[in-house]
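Here the protein sequences come in this chain order: C and F.
The first sequence maps to residues 29 to 286 in the working numbering.
The second sequence maps to residues 14 to 285 in the working numbering.
Single-structure report; data block below.
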Amino acid sequence: MSHHKIETKSLGYSYPDGHVAIKNISFSIHHGESVGIIGANGAGKSTLLMLLMGILFPNQGEILVGDVHVTKNTLSMIRQRLGMVFQDPDDQLFMTTIYDDVAFGPRNYRLDENEVEQRVMNALETVGISHLKERAPFKLSGGEKRAAAIAAVLSMEPDVLIMDEPTAALDPKSRRRLINLLKGFEHTKIITSHDLDMVLEVCKRIIVIKDGEIAADGNGEDILTNADLLDACGLEIPLALQNCPVCGVNKDKERWVK
Amino acid sequence: MNSMANFSNTLYNMGVMNDLARKDTPIHRIHPLAKVLTTFVYLLILVSFDRYEISGLLPLIFYPLLVFLFAELPAGPILKRILFVEPFIIGIGILNPFFDQEIVIIGGIALSRGWITFFSIFIKSGLAVTAGLLLMATTGMDKLAAALRLLKIPRLFVLQLLLTYRYISLLMEEVARTIRAYSLRAPTHKGVHRSAWGSLAGQLLLRTLDRAQRIYQAMCLRGFTGEYHTGEDAHMQWRDFIYVISWSIFFVIIRLYNIPMVIGALLMGVIR
């Protein structure tokens, strides 16, 4: 299914103030892959996501979704296929009820109201919050808001899910629920996060970004067990792979390398 | 500090009106546009009354009363909101008795004309606020916005209204957080010192702009092109037209004839 492929070719972007955020980034993500994009604060992760979604346009290089270039003319089509979940769900839930919010995308594409309802209910059931459909977004808990934001994107039935820090500000139980949910999705997933334990569980492939450039691109377990690489990029080995601080027992790294 | 918490609480409770709007009663089922138009005619008639008029105004209370009953709304939340506005109304009208001291005699009681205008303002504003609240509580913000769009109100204004409604609670939270952070590091100050006003307001503005931009991006990513769709059937039905027309006729009759006077005269005639 090559039409779901996302490809960037020597991508470069600098902000109007001259700050160079992205330098020469090339990668290609295939259908069904789950890719974690990690890096220190200010490494360029969020800028990269904005370039993929066509919120920003690159100064150099190009982005292809399937065989289509991301340009102003193709944005409507691109955005139907790529769904992005924002870091702060409040930025994304702007309607007065959850139902209307999840319906916002499908209605903008002028779908029939029956089809809209079906999609909304499917999306809400997938994330397990169909009982909240009549509630106002500002009355929900952090975990529920996150679920609603994901449903709002799922209702557009995208091929690719792009998420910016999906586990940020979630309590441990909500985080676990989210991880299980993400693992169940068959979409192509692109996830940026500092929660490396989550990335380790959800993403088979990891791209490490340092100062706007790709520092490493490869198998998730290989990268997340490479202490020197992570250290050089302002990161550290996921807690799940670190030795126990209380009893000093060595973690069985083999468990992760399947 | 406390008052700020109360204020954001009040705003938080604004959602109650929207919750009420999801009830299913004969009034709720009326097309939003019909309700907007009826409210509009009501307000027009209301403000067209002379400022010395009181008795002629009184029959206008039937409209909010009937809507209130048929929409099965709870009295508490609505009354609380009307009371919330009353101090402002009193503030506007309270000087009238001092400026306009000409004496008139009504039913044997000598009253300055200022007091009459004050009561007139008081009743008019109270009814206007009630009509607005009832419109909100029987229609809901989303449908209200859709109705405004049907009236060809520019979409920019309608969106502005909707987003303000949605995000005012977040803005208030942000204000509350900022002030809390300030007061924790300035424990001896009462309130915010004027030297910090500028930067505080500036910070809030910048954060608001940032958020506005992110919200706009989120909307664009989900196919937003400036038009706002609620998925409702856009057409008014005959019962919606009847609703608007019969209320309008009722309002106009009230405007043309002073009903309490007419009834009074009739009764007097019968007694004689």
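Glycine included, C-beta positions come from ideal geometry on N, C-alpha and C.
No experiment lies behind these values; they were computed from the predicted model shown.
is_contact[residue i, chain F] using C-beta, thresh 8 Å
| i | result |
| --- | --- |
| residue 124/C | yes |
| residue 128/C | yes |
| residue 69/C | no |
| residue 72/C | no |
| residue 65/C | no |
| residue 57/C | no |
| residue 85/C | no |
| residue 184/C | yes |
| residue 191/C | no |
| residue 119/C | yes |
| residue 114/C | yes |
| residue 30/C | With a pLDDT of 49 at residue 30/C, under the threshold of 50, the modelled position of that residue is not reliable, and no figure is offered here. |
| residue 226/C | no |
| residue 286/C | At residue 286/C the pLDDT is 45, less than 50, meaning the model places this residue with poor confidence and gives no usable figure here. |
Residue i - DSSP class collapsed to helix/strand/coil
| i | result |
| --- | --- |
| residue 238/F | coil |
| residue 97/C | strand |
| residue 89/C | strand |
| residue 233/C | strand |
| residue 38/C | strand |
| residue 136/C | helix |
| residue 245/C | strand |
| residue 121/C | coil |
| residue 286/C | In this prediction, residue 286/C scores a pLDDT of 45, lower than 50, which makes its location untrustworthy; the coordinate-derived value is nonetheless stated afterwards. Three-state result, residue 286/C: coil. |
| residue 121/F | coil |
| residue 165/F | coil |
| residue 83/C | coil |
| residue 156/F | helix |
| residue 201/C | helix |
| residue 93/F | helix |
| residue 168/C | coil |
| residue 273/F | helix |
| residue 178/F | helix |
| residue 226/F | helix |
| residue 35/F | coil |
| residue 15/F | Low confidence applies here, because residue 15/F scores a pLDDT of 47, under 50, leaving its location unreliable; read the following figure in that light. Correct three-state label for residue 15/F: helix. |
CB contact check: residue i to chain C, cutoff 8 Å
| i | result |
| --- | --- |
| residue 170/F | no |
| residue 95/F | no |
| residue 185/F | no |
| residue 242/F | yes |
| residue 16/F | At residue 16/F, the pLDDT of 47 sits below 50, so the modelled position is not reliable and the matter cannot be decided from this model. |
| residue 21/F | Annotation note: pLDDT 49 at residue 21/F (below 50); position unreliable, coordinate value reported separately. Cβ-Cβ to chain C under 8 Å: no for residue 21/F. |
| residue 155/F | yes |
| residue 250/F | no |
| residue 232/F | yes |
| residue 161/F | no |
| residue 238/F | yes |
| residue 35/F | yes |
| residue 176/F | yes |
| residue 227/F | yes |
| residue 271/F | no |
Whole-Å CB distance - residue i paired with residue j, under 8 Å assumed
| i | j | result |
| --- | --- | --- |
| residue 182/C | residue 154/C | 6 Å |
| residue 96/C | residue 110/C | With a Cβ gap of about 11 Å, residue 96/C and residue 110/C do not count as contacting. |
| residue 193/C | residue 220/C | 6 Å |
| residue 80/C | residue 190/C | 6 Å |
| residue 58/C | residue 188/C | Actually they do not touch by this definition, with Cβ atoms about 11 Å apart. |
| residue 67/F | residue 129/F | 6 Å |
| residue 163/C | residue 125/C | 7 Å |
| residue 41/F | residue 191/F | Not a contact, Cβ separation roughly 39 Å. |
| residue 36/F | residue 85/F | 6 Å |
| residue 102/F | residue 138/F | 4 Å |
| residue 235/C | residue 63/C | 6 Å |
DSSP bridge partner residues for residue i (one or two, in chain order)
| i | result |
| --- | --- |
| residue 199/F | BP columns for residue 199/F are empty, so no partner. |
| residue 56/C | 35/C |
| residue 103/F | Answer is none; residue 103/F lacks a bridge partner. |
| residue 113/C | 191/C |
| residue 98/F | Note: residue 98/F sits in no beta bridge, so no partner. |
| residue 62/C | 217/C |
| residue 157/C | Paired residue(s): none; residue 157/C is not in a bridge. |
| residue 48/C | 42/C |
| residue 116/F | 125/F |
| residue 238/C | 241/C |
Neighbour flag for residue i against chain D, beta carbons, 8 Å
| i | result |
| --- | --- |
| residue 146/F | Included in the structure are the protein chains C and F, with no chain D among them. |
Taking a Cβ distance cut-off of 8 Å, strictly less, list which residues of the stretch 202-223 of chain F are near chain C, in chain order. With the criterion set as a beta carbon lying under 8 Å from some beta carbon of chain C, the stretch 202-223 of chain F has no members that meet it.
Identify each residue in the stretch 146-167 of chain C for which the Cβ-Cβ distance to at least one residue of chain F is less than 7 Å, and report them in chain order. 162, 164, 166 and 167
What residues in the stretch 99-112 of chain C bring their beta carbon closer than 9 Å to a beta carbon of chain F? 103, 104, 107, 108, 110, 111 and 112
Which residues of the stretch 130-143 of chain C have a Cβ closer than 8 Å to any Cβ of chain F? Give them in chain order. 131, 132, 133, 135, 136, 137, 138 and 141
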